[in-house]
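2 protein chains.
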Amino acid sequence: LVVRAADKFRQAGIDMRTGHHVEHIDAAGRAVIGSGPEGQPFQMAYDRLLIATGASPIMPQQPGFDLPGVVAVKTMEDGRAIKSRLQHNAVKKTLILGMGYIAMEMSEALRARDIEVVMAKPRAEVLPWLDPELSDDVRRELNDHMVELYTGFAVDRIESAGDRLKAVAANGRGLEADMVIVAIGVRPNSGLAMKVGLDLGPAQSIAVDRRMCTSDQFIYAAGDCADAYHVVTGKKAWIPLALRANRAGWAVADHLCGKPVSVQGVAGTGVFRVFDLEVARTGLIAAEARAAGFEPATVTVSARSRAHAHPGASQIKVHLIGDKRSGRLLGAQMVGREGAALRINAAAVALHAGMTVEQFSQSDLAYAPPFGPTWDPLLVAANQLLKAL
Amino acid sequence: LVVRAADKFRQAGIDMRTGHHVEHIDAAGRAVIGSGPEGQPFQMAYDRLLIATGASPIMPQQPGFDLPGVVAVKTMEDGRAIKSRLQHNAVKKTLILGMGYIAMEMSEALRARDIEVVMAKPRAEVLPWLDPELSDDVRRELNDHMVELYTGFAVDRIESAGDRLKAVAANGRGLEADMVIVAIGVRPNSGLAMKVGLDLGPAQSIAVDRRMCTSDQFIYAAGDCADAYHVVTGKKAWIPLALRANRAGWAVADHLCGKPVSVQGVAGTGVFRVFDLEVARTGLIAAEARAAGFEPATVTVSARSRAHAHPGASQIKVHLIGDKRSGRLLGAQMVGREGAALRINAAAVALHAGMTVEQFSQSDLAYAPPFGPTWDPLLVAANQLLKAL
Chain F
3 LVVRAADKFR QAGIDMRTGH HVEHIDAAGR AVIGSGPEGQ PFQMAYDRLL
53 IATGASPIMP QQPGFDLPGV VAVKTMEDGR AIKSRLQHNA VKKTLILGMG
103 YIAMEMSEAL RARDIEVVMA KPRAEVLPWL DPELSDDVRR ELNDHMVELY
153 TGFAVDRIES AGDRLKAVAA NGRGLEADMV IVAIGVRPNS GLAMKVGLDL
203 GPAQSIAVDR RMCTSDQFIY AAGDCADAYH VVTGKKAWIP LALRANRAGW
253 AVADHLCGKP VSVQGVAGTG VFRVFDLEVA RTGLIAAEAR AAGFEPATVT
303 VSARSRAHAH PGASQIKVHL IGDKRSGRLL GAQMVGREGA ALRINAAAVA
353 LHAGMTVEQF SQSDLAYAPP FGPTWDPLLV AANQLLKAL
Chain L
3 LVVRAADKFR QAGIDMRTGH HVEHIDAAGR AVIGSGPEGQ PFQMAYDRLL
53 IATGASPIMP QQPGFDLPGV VAVKTMEDGR AIKSRLQHNA VKKTLILGMG
103 YIAMEMSEAL RARDIEVVMA KPRAEVLPWL DPELSDDVRR ELNDHMVELY
153 TGFAVDRIES AGDRLKAVAA NGRGLEADMV IVAIGVRPNS GLAMKVGLDL
203 GPAQSIAVDR RMCTSDQFIY AAGDCADAYH VVTGKKAWIP LALRANRAGW
253 AVADHLCGKP VSVQGVAGTG VFRVFDLEVA RTGLIAAEAR AAGFEPATVT
303 VSARSRAHAH PGASQIKVHL IGDKRSGRLL GAQMVGREGA ALRINAAAVA
353 LHAGMTVEQF SQSDLAYAPP FGPTWDPLLV AANQLLKAL
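Chains F and L supply the protein sequences, listed in that same order. Just so we're aligned, residue 3 is where the first sequence starts under the numbering used here, counting upward by one. Just so we're aligned, residue 3 is where the second sequence starts under the numbering used here, counting upward by one.
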């Protein structure tokens, strides 16, 4: 992704060094050390250092993941490589490893080009962070669009099979395709931070405080490489998503310019569209809630996306999680053909405010026939959850 | 509107008396007094009384508002009368008096039948509860759909003009049409409550506490006839909308069944669609904020409804109001072709939680390219408003 051309940065007075590889941070001497574009050594002193190294797709170390046609989806180069392969190699069938956001979005893009799509993953659940009933709706949507799903399929190796590729599972089962997209997740690029001994957070992300400062007071970290406080648990979490990354970057700039900032936590809000389905979540799922010491109660309701009298309504499923001891709202999930993605924001704000389910249930949410029933699906769910608390 | 047939109520053990007109409440004797279906007197004792008399359209007392073809839009009978007139009287042109929700929705319904529509109102603003820049978008949308708008047109009388009707303004200007729809607002049906001396709230609605109890401890009021606390001002407000009315009814039932309930206030959240435009508001407008003793700062931003790279994006305008002294968020308004109506709920929840603009600006709202930019339009506006506070 190129947000701005290099010379735009330079015009803004920024000494931008592309092709410079930082290999080491000398924290005591406050300098970075590495190699320049022609391999020549370079060193640069700093008053403050920002590590914004992002995250990288996980590429398994098993045999065959380095074969041509096995690709990740992260950089613009990745995208170009996939497009070029589609144009020149007559890809008829693609195997996608993983079933997360990226995998779902790629499945849709490939089906739009009329390419056969097979998705595989080791775990049994399509989306483990969704309630099974909601996850089943996603599974159905994928199947309805001719995407084949193989859960419980753990790839042992990838082999060449004539002109094609074959992903082979530990039990010998194989899946053949013309291209394999690896979308099994990302990990934080925290190698430099680890080498210099900075404190680490969940998943080996770089631990930062609310000013985005690492355990070295002269070094900041922001973006997908850094961790965050979760507003529901109050504990550290690593949820690498765009808004948080962007917000953290601005916060470092504000802080360096002498503007005191204290960045609040993340609620873990995430949405995606897959074919005609909107999928949204915020906060904790029941298992996360239990792990964090809550006593979760859950409810799943189905409600209309528009008022009874209004044509074109579809069903929205809402799953809400609350804490039996405190009555607090802990999380929300929604799946539907319309009105699920944007609705999740109301629950996200409630999580930031630490609202109880009862307080949330009394919210004055919008009603007009084209946009929902008198009681918003979130309120219907909250009213039901109150009975279970 | 008939939610349920009368015999369904009776099957549920409810002694439902249709055609009974209550003329007086004997508060000391705890009885209602009135006349039955054949005009015979009737009297009924109560332990607790619920007044749920709703609201009625305002019909001006000027000459001609009783002419055939001058109609209000409230009851199912009104709707039938309008439909019948459209079918039998060859209505080619309709004049709508008023420019509120009902007026807007009727204009759309009539244009869908290819009937000429003219709207008129005395005040200069199309929607006085919207920021002028957003209100202008609504004006443009109506004009684009061939709805003529006459602001500053105060009707003095309605006259017959051959087969047609003519609304005449004080200055002699006239607007001719085949039908006149009066949609200039509603007033609470609080006559009974006034007669028996119950405390009244804003706009002569019936004053109730958080249990929906009136100033007589044996009399409740709920629905469009009752007032409510506003969560931003903490003061009484009369905002007759469906969700609050419904919620208040349930609360009375809970309370009578021995379940202690305390109904929170309203945020004044309202949405409607007019042609292809979604219009939404919650909380106070700047003028209301000043009247309530706040020192409002406002900002209006325009943002994309989808991410930059995503086709089909349109503009969403967001107007936010905050308090300079406390930093509190006071209100939000949005207008756009998609994503405005449901987005308002996030701001509504923030008002319930009493969030500052800064707290709200740090919310972890959803992002995915089909649903908005990385920074949700509400967050873009909150970030801008922070600078003005």
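Every residue, glycine too, gets a C-beta built ideally from N, C-alpha and C.
Residue i: first and last residue of the uninterrupted alpha helix (DSSP H) it sits in
i: F/His147; result: Unbroken run through F/His147: none, as it is neither H nor E.
i: L/Phe362; result: 359 to 363
i: F/His257; result: 244 to 258
i: L/Glu290; result: 288 to 293
i: F/Leu367; result: Segment: none, F/Leu367 is in no alpha helix (DSSP H) and carries neither H nor E.
i: F/Val351; result: 346 to 354
8 Å contact criterion, which residue i and residue j should meet: CB distance rounded
i: L/Ala305; j: L/Pro375; result: 6 Å
i: F/Leu380; j: F/Val359; result: The Cβ separation is near 11 Å, so there is no contact.
i: L/Ile413; j: L/Val75; result: It is not possible to answer for residue 413 of chain L, since the shown part of chain L is limited to 3 through 391.
i: F/Leu245; j: L/Leu367; result: 7 Å
i: L/Leu322; j: L/Ala247; result: Between L/Ala247 and L/Leu322 the Cβ distance is about 28 Å, and since that is not below 8 Å, they are no contact.
i: F/Arg87; j: F/Gly71; result: 7 Å
i: L/Ala348; j: F/Ala348; result: 5 Å
i: L/Ser365; j: F/His354; result: 5 Å
i: L/Ala30; j: L/Gly251; result: Contact doesn't hold; Cβ gap of about 26 Å is too wide.
i: F/Leu194; j: F/Ile27; result: 6 Å
i: F/Thr153; j: F/Ala126; result: 5 Å
6 Å CB neighbourhood of residue i in its chain, flanking five on each side removed
i: F/Arg339; result: Asp278, Ser316
i: F/Ala343; result: Val273, Glu280, Ala282
i: F/Ala309; result: Pro371, Pro375
i: F/Leu331; result: Gly324, Ala352, Met357, Val359, Phe362
i: F/Leu132; result: Gln335
i: L/Ala350; result: Ala269, Thr271, Thr284
i: L/Leu52; result: Tyr222, Val254
Residues near residue i in its chain [Cβ-Cβ closer than 7 Å; skip 5 each side]
i: L/Met106; result: Phe274, Val276
i: L/Ala179; result: Lys95, Thr96, Leu97, Val120, Arg166, Leu167
i: L/Ser207; result: Pro190, Ser192, Cys227, Ala228, Asp229, Trp240
i: F/Ala156; result: Pro124, Ala171, Ala172
i: L/Glu135; result: Thr302, Lys319
i: F/His232; result: Ala239, Gly267, Val268, Gly270
i: F/Met46; result: Ala33, Val34
i: F/Arg141; result: Val128, Leu151
i: F/His312; result: Pro371, Pro372
i: L/Val93; result: Arg87, Ile117, Asp180, Met181
Range of the contiguous beta strand (DSSP E) that encloses residue i
i: F/Gln386; result: Here F/Gln386 belongs to no beta strand (DSSP E); instead the alpha helix (DSSP H) covers 379 to 390.
i: F/Gln89; result: Looking at the DSSP string, F/Gln89 is not in any beta strand (DSSP E); the run it does join, the alpha helix (DSSP H), is 78 to 90.
i: L/Ile323; result: 317 to 325
i: L/Leu332; result: 331 to 338
i: L/Ser328; result: Where L/Ser328 is concerned, there is no enclosing beta strand (DSSP E), given that its DSSP letter is neither H nor E.
i: L/Leu279; result: 279 to 285
i: F/Thr376; result: Counting along the chain, F/Thr376 falls outside any beta strand (DSSP E), and DSSP gives it neither H nor E.
i: F/Gly1; result: Any property of residue 1 of chain F remains undetermined from this structure, which presents chain F solely from 3 to 391.
i: L/Ala309; result: First-last for L/Ala309: undefined, no H or E at that position.
Chain-order list of residues whose beta-carbon lies under 8 Å from that of residue i (same chain, five-residue window excluded)
i: L/Ala253; result: Arg213, Met214, Ala224, Val263, Val265
i: L/Arg50; result: Phe220, Ile221, Tyr222, Leu258
i: L/Asp139; result: Leu279, Lys319, Val337
i: L/Gln64; result: Val157, Asp158, Arg159, Ile160
i: L/Phe67; result: Met61, Ile160, Val184
i: L/Arg115; result: Leu88
i: F/Ala294; result: Val234, Thr235, Lys237, Leu286
i: F/Val73; result: Asp80, Ala83, Ile84, Arg87, Met181, Val182, Ile183, Val184
i: L/Pro39; result: Thr20, Gly21, His22
i: L/Pro43; result: Ile35, Gly36, Ser37
For a minimum of 3 consecutive residues, which ranges assigned as the beta strand (DSSP E) are wholly contained in the region 183 to 235 of chain L? Within the region 183 to 235 of chain L, the beta strand (DSSP E) runs of at least 3 residues that lie entirely inside it are, in chain order, 188 to 190, 221 to 223.
Meets three-Cβ-pair contact criterion under 8 Å: the region 57 to 75 of chain F and the region 181 to 188 of chain F: Flag = yes, the region 57 to 75 of chain F and the region 181 to 188 of chain F touch.
Is it a yes or a no for the region 34 to 46 of chain F touching the region 146 to 154 of chain F, going by three-plus beta-carbon pairs under 8 Å? Not touching, per the Cβ criterion.
4 or more residues per run - each alpha helix (DSSP H) lying fully within the region 4 to 57 of chain L: Those alpha helix (DSSP H) runs which fall completely within the region 4 to 57 of chain L and span 4+ residues are 8 to 13.
Complete runs of the beta strand (DSSP E) confined to the region 99 to 175 of chain L [at least 3 residues]: Qualifying beta strand (DSSP E) stretches, in chain order: 118 to 123, 149 to 153, 157 to 163, 166 to 171.
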